[in-house]
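Inspection log for the structure reproduced underneath, given as structure tokens.
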Amino acid sequence: MSEYLRQMPENVGPLTRPPGVATKLHVDAPLLVLLLLLTAYGLLVLYSASGQSMDAVVRQGRYFVLAYVVMFAMAQFNTVRWSRWSPWGYLLGVAFLAAVAVAGVGAKGAQRWLELGGFRFQPSEIMKLAVPMTIAWYLGSRVLPPASRHIAVCLLLIAIPCGLIIRQPDLGTSLLIGASGLFGIFMAGISWRFIFGTGLVAIFSAWPAWMFMLEDYQKQRILTLLNPESDKLGAGWNIIQSKTAIGSGGWSGKGWTQGTQSQLDFLPESHTDFIIAVLAEEFGLQGVLLLLGLYILILLRAFWIGLNAQSSYGRILCGSITLTFFVYIFVNMGMVAGLLPVVGVPLPLVSAGGTSVVTLMAGFGLLMAVSTEKRVVGQ
Amino acid sequence: MASRVVLKDTQREQRIFGARSLVALGFVVLLLGLLLARYYNLQINEFEVYSTASERNRVQLQPLPPKRGLIYDRNGVLLADNRPSYTLSLILERVEDLEATLAALGELVTIEDSDLEKFRTRARQRRPYDPVPLRFRLNDVEQAYIAVNRHRLPGVTVEAQLQRYYPHGELFAHALGYVGRINTQEMASIDQAAYRGTFHIGKIGLERRYENELHGEVGYQTVETNAHGRVLRVLERFDPSPGEDLILHLDYELQRVAHEQLAGRRGAVVAIDPLTGGVLAMVSTPAFDSNLFVNGISSRDYNALRDSRDVPLFNRTVQGQYPPGSTVKPMIAMAGLEAGLIDPEFTVPDPGWYRLPGDRRRYRDWILRIRGTGHAPEVDLKMALAESCDVYFYDLARRLTVDGIHNYLDLYGLGRRTGIDTTAERPGVLPSKDWKRGALGQPWYPGETLSVGIGQGYMLTTPLQLAVATSVLATRGEHREPRLVQWLGDDALEAPMVAPLIADGAHWDAVVEGMREVVHGRRGTAKAIARGMEYEMAGKTGTAQVIGIAQDAVYDEDEIDERHRNHGLFIAFAPLEAPTIAVAVIVENGGGSSAAYPIARAVVDAWLDREPS
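Protein chains in written order, with the working numbering: chain A, 1313 to 1691; chain B, 54 to 666.
Pasting the structure below:
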């Protein structure tokens, strides 16, 4: 089967159109332009959000350069290779996670890091790409829509890393990784009956779980998570301040570096998870629309790449990466605006931080690899 | 694997993927729409709400307490000042290790256990970025220690606040009163907005009576603060209006002399300028250091003051109610003259005692125990005043009746509050038949009238009342409410006039002549102070009995407990022809007036020395 797949690109005849420079470099030009615009916008907001620190901008700029290099490098390998490498990446990632559980480095009560020769990294980051890639590899090499036993295997493949990550404990990352795997299954064409059935079971099992399995303090924590304003001085304070920042921005905003909520330290974590509040305060709804516009164009381009992918592997991977990217946006913006409980999710390509940026751009590198695959005649 | 070749239907898979992409895209658009709706709602619909919240976050209204008005004596000597007082506070948010910081501070400045205790209580009540006071009133050395060590004490601040300071300590304690920390009771009655940022309020005396004027008006500034409460800049400022300064009638030098003269004794001196009603000196001893009260007196200090037998907290000038003794005789004489019952030539036979018609009881003259006889076979008005003849006044009192005395002495302001501009004044007692029936429910007995005639019995006056009555004598009938404050800011305050006492000039002459004889006469009861006097003074001595002396018993000063000795009194005005000062002195248990008149002489000397007349 893998033999057959590997042959496929070689079997096709002439390309539908002559390859341009971008295609030769394996770069998707529209996506690159959109990403450049987004990261530039992000740096502009970061300068203000970091208390007008050029150092922070330069540091983040370096991460971006690194991330673009990674993206560019990943785009150079074709999807057949990526498909072949996917299960190995997955196994390596799971091994690292197991190692973390045994010999990980702790910080703030969580054990998430692995130290290798003085270099500290977080294996769960690997899984953010390895899980969708593995699902794409597994389902892509089978007849779609997937059979139940294949779905069962996929669920197991998802459950192993998620279980290990939950134990670190890092519920947020675990949920995002789990979602990225499920998106792959969804894109592969799992039947609606299965989706709704599972959904109903989940809903009906939630109530007895709530009634009989949770301790009072756990219920309290969940309730606080759902309604942060009940805890005005603790978690709720952050949300009140970020809503105030967003709301007081109005239509046109207070002006760049003029946001009082952010500049006067009322906003928590203004340059990381809560950076959208700075943007909303200083650039107003206009600025939010601009950001959402960029995100939507990126999402549309990513879907388009998926639709035009030459292999199931490419299609499923694109769909999974794109939806995961969207979930980041939705969860972060929803959480800062008080729509969703507060979980530590950065705003993609805008929040300060190196790892998330590199992982996201690596994902876009994969998208570009898919978009510049050799095309099949007659498509 | 090779045995199971799977044939993939690429077109079908693409259709599936296309359909799923559309569903996913639909979902994405829906959720993005939800996000957009949320941001639209926050930023457009609720913009006003959050703008206000954001402003409230950022901008704080800070009160700027006004500077309390200063108090000066008539010559510009500062009597009540404002001085910076330094408070040591901790901003908990910036303190790295609270216990270590407290320990380090404990080595630099004195911190009592009670300070620590109060600090911990306050610390629990305040937000982490509010300074929590630990020690008040740092002295210069302590301040320097903190300043030098500040780099290793993060979160430690020293703030200055203006605070009342009384440079002359106890000298003006009773005259000025004092300020103290606002208590909960006062909090309920004051305009809280006006006192925002102010911690002190006038508690008693002038400080309380003129509280509204001294306090001033609070100002405001709006400041931008960050989330930690640190002030970043001032946005707007409305300056406070300082309180009005007071310039008093009091004379520092006079006050000092009077205080010195009373030193070590319990007593009071009140001196009034009869022309203006201004109070030139107002001393009550023993006194206390008013500065003790400003920041809350310690209970040890307070108990010591409260429990002292000498009652230093008691303002004898307005609260002390004493029998005036013979100091009322000039006024009784005026009553007799005005009523036509006597004239200056009228004489009374004086065997040394007096007997009411139909009564066998003898009312003795004070001179009886000294000479065994009266002042002279026949005593006229001048001699009666000069030698303080009791028999003369027994006779006159009997004829005036108690109500006659009451009605006339009332014109001098005795037995009621003078209306002076300070607090805690008491009225004294000017008895009458009605008064006794009302107060004691008893009828008036004729013998009691005789006692009133020589300022004994039920009659009680304050030193201030005596000084006012003396100034009425000095001005021959002009009567003003006494006043401590001369200038309130730029406004001159005039002492209100009370209905003048109109009397025959010859009668005034006769009484004043009698009072002149008290000091300058050959047998005047105060002739001891006339020596070396470069002006003429009119005076009247008085001795007030503290305990009743049994009929025919002999009063022996040495056998009587010091606390039961007679009070010595003296009233005087000078210079005789154009009086510029009227003074009343009382020395509690001084034995007799000889304790009082040298004090009056010293005060008048000090005044006339300074007043070019």
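No residue lacks a Cβ here, since even glycine has one placed at the ideal position from N, Cα and C.
Element boundaries [alpha helix (DSSP H), containing residue i]
| i | result |
| --- | --- |
| HIS459 of chain B | 443-462 |
| LYS580 of chain B | Taken as a continuous stretch (DSSP letters only), LYS580 of chain B belongs to no alpha helix (DSSP H), as it is neither H nor E. |
| TYR1380 of chain A | 1366-1387 |
| GLN1598 of chain A | 1587-1619 |
| PHE399 of chain B | Per DSSP, PHE399 of chain B belongs to no alpha helix (DSSP H) and is neither H nor E. |
| GLY506 of chain B | 499-506 |
| HIS1583 of chain A | Neither: HIS1583 of chain A is in no alpha helix (DSSP H) and is coded neither H nor E. |
Among the options, the one whose alpha carbon lies nearest that of residue i
| i | options | result |
| --- | --- | --- |
| ILE254 of chain B | B:VAL276, B:GLY230 and B:GLN274 | B:GLY230 |
| ILE1472 of chain A | A:LEU1404, A:GLN1598 and A:ARG1396 | A:LEU1404 |
| PHE1638 of chain A | A:LEU1576, A:LEU1378 and A:LEU1604 | A:LEU1604 |
| GLY567 of chain B | B:PRO553, B:PRO549, B:LEU546 and B:MET590 | B:MET590 |
| ASP126 of chain B | B:ALA386, B:LEU141, B:LEU259 and B:ARG569 | B:LEU259 |
| MET1439 of chain A | A:ALA1464, A:ALA1407, A:GLY1452 and A:ALA1459 | A:ALA1407 |
| VAL185 of chain B | B:LEU141, B:LEU215, B:ALA153 and B:ALA200 | B:LEU141 |
| LEU1469 of chain A | A:ILE1478, A:GLY1493 and A:LEU1488 | A:GLY1493 |
| LEU301 of chain B | B:VAL482, B:GLU641 and B:GLY122 | B:GLY122 |
| ARG190 of chain B | B:LEU215, B:ASN98, B:LEU206 and B:THR475 | B:LEU215 |
N-terminal and C-terminal residue of the beta strand (DSSP E) that residue i is part of
| i | result |
| --- | --- |
| TRP406 of chain B | 406-408 |
| ASP433 of chain B | 431-433 |
| LEU1659 of chain A | It is not in any beta strand (DSSP E) - LEU1659 of chain A carries neither H nor E in the DSSP assignment. |
| ASP134 of chain B | 131-144 |
| GLY320 of chain B | 320-326 |
| GLY233 of chain B | 231-234 |
| SER1632 of chain A | Note, SER1632 of chain A: premise wrong, no beta strand (DSSP E); alpha helix (DSSP H) at 1624-1648. |
C-alpha distance - residue i paired with residue j, whole-angstrom precision
| i | j | result |
| --- | --- | --- |
| PRO1457 of chain A | ILE1502 of chain A | 6 angstroms |
| LEU285 of chain B | LEU151 of chain B | 25 angstroms |
| MET1645 of chain A | ALA241 of chain B | 49 angstroms |
| ILE243 of chain B | TYR263 of chain B | 14 angstroms |
| THR105 of chain B | VAL1370 of chain A | 35 angstroms |
| GLY466 of chain B | LEU493 of chain B | 22 angstroms |
| GLN604 of chain B | TYR416 of chain B | Since pLDDT at GLN604 of chain B reaches only 43, below the 50 mark, its modelled position is unreliable, and the value read off the structure follows with that caveat. Between GLN604 of chain B and TYR416 of chain B, the C-alpha separation is close to 9 angstroms. |
| ILE602 of chain B | SER167 of chain B | Residue confidence for ILE602 of chain B is low, a pLDDT of 48 falling below 50, so the modelled location carries little weight and cannot support an answer. |
| THR1684 of chain A | PHE70 of chain B | 19 angstroms |
| VAL551 of chain B | GLY481 of chain B | 18 angstroms |
| GLN509 of chain B | ILE325 of chain B | 24 angstroms |
| THR275 of chain B | ALA226 of chain B | 39 angstroms |
| VAL656 of chain B | ASN642 of chain B | 21 angstroms |
| GLY427 of chain B | ALA388 of chain B | 24 angstroms |
| GLU687 of chain B | ARG111 of chain B | No statement about residue 687 of chain B is possible, as the shown extent of chain B runs from 54 to 666 and does not include it. |
Under 8 angstroms by beta carbon: chain B residues contacting residue i
| i | result |
| --- | --- |
| ALA1649 of chain A | LEU88, ARG91, TYR92 and LEU95 |
| LEU1576 of chain A | ASN110, ARG111, GLU277, THR278, ASN279, ALA280 and LEU285 |
| GLY1618 of chain A | PHE70 and SER74 |
| GLY1562 of chain A | GLN96, ILE97, PHE100 and SER104 |
| LEU1597 of chain A | TYR92, TYR93, GLN96 and ILE97 |
| ALA1491 of chain A | Going along chain B, no residue has its Cβ under 8 angstroms from ALA1491 of chain A, so there is no contact; the nearest lies around 12 angstroms. |
| ILE1463 of chain A | Near ILE1463 of chain A there are no residues of chain B at all, since even the closest Cβ is about 14 angstroms away, more than 8 angstroms. |
Sequence-distant residues of its chain with Cβ nearer than 6 angstroms to residue i (five each side left out)
| i | result |
| --- | --- |
| TYR650 of chain B | ALA579, ILE582 and PHE623 |
| ILE1608 of chain A | none |
| PRO632 of chain B | PRO327, ALA527 and PHE626 |
| TYR1402 of chain A | ALA1442 and THR1446 |
| GLY577 of chain B | ALA439, GLU570 and VAL571 |
Interface partners of residue i on chain B, CB under 7 angstroms
| i | result |
| --- | --- |
| LEU1456 of chain A | GLU66 and ILE69 |
| MET1386 of chain A | Going along chain B, no residue has its Cβ under 7 angstroms from MET1386 of chain A, so there is no contact; the nearest lies around 22 angstroms. |
| PHE1408 of chain A | Chain B residues near PHE1408 of chain A: none, gap ~28 angstroms exceeds 7 angstroms. |
| VAL1600 of chain A | TYR92 |
Close-in-space but distant-in-sequence residues of the same chain around residue i (CB under 7 angstroms, 5 per side omitted)
| i | result |
| --- | --- |
| VAL1682 of chain A | THR1391, ILE1617, ALA1621, GLY1626, LEU1629 and CYS1630 |
| ALA1674 of chain A | VAL1382, MET1383, MET1386 and LEU1441 |
| ALA176 of chain B | LEU145 and VAL185 |
Contacts that residue i makes with chain B (C-beta to C-beta distance below 9 angstroms)
| i | result |
| --- | --- |
| ILE1608 of chain A | VAL81, VAL82 and LEU85 |
| LYS1555 of chain A | LEU95, GLU99, TYR103 and ALA106 |
Proximal residues of chain A, C-beta to C-beta of residue i below 7 angstroms
| i | result |
| --- | --- |
| LEU114 of chain B | Under the 7 angstroms cutoff, chain A gives no residues; its nearest Cβ is about 16 angstroms from LEU114 of chain B. |
The ligand MG heavy atom lying under 6 angstroms from the CB of residue i
| i | result |
| --- | --- |
| MET1445 of chain A | For the ligand MG, the structure offers nothing, since it holds no ligand at all. |
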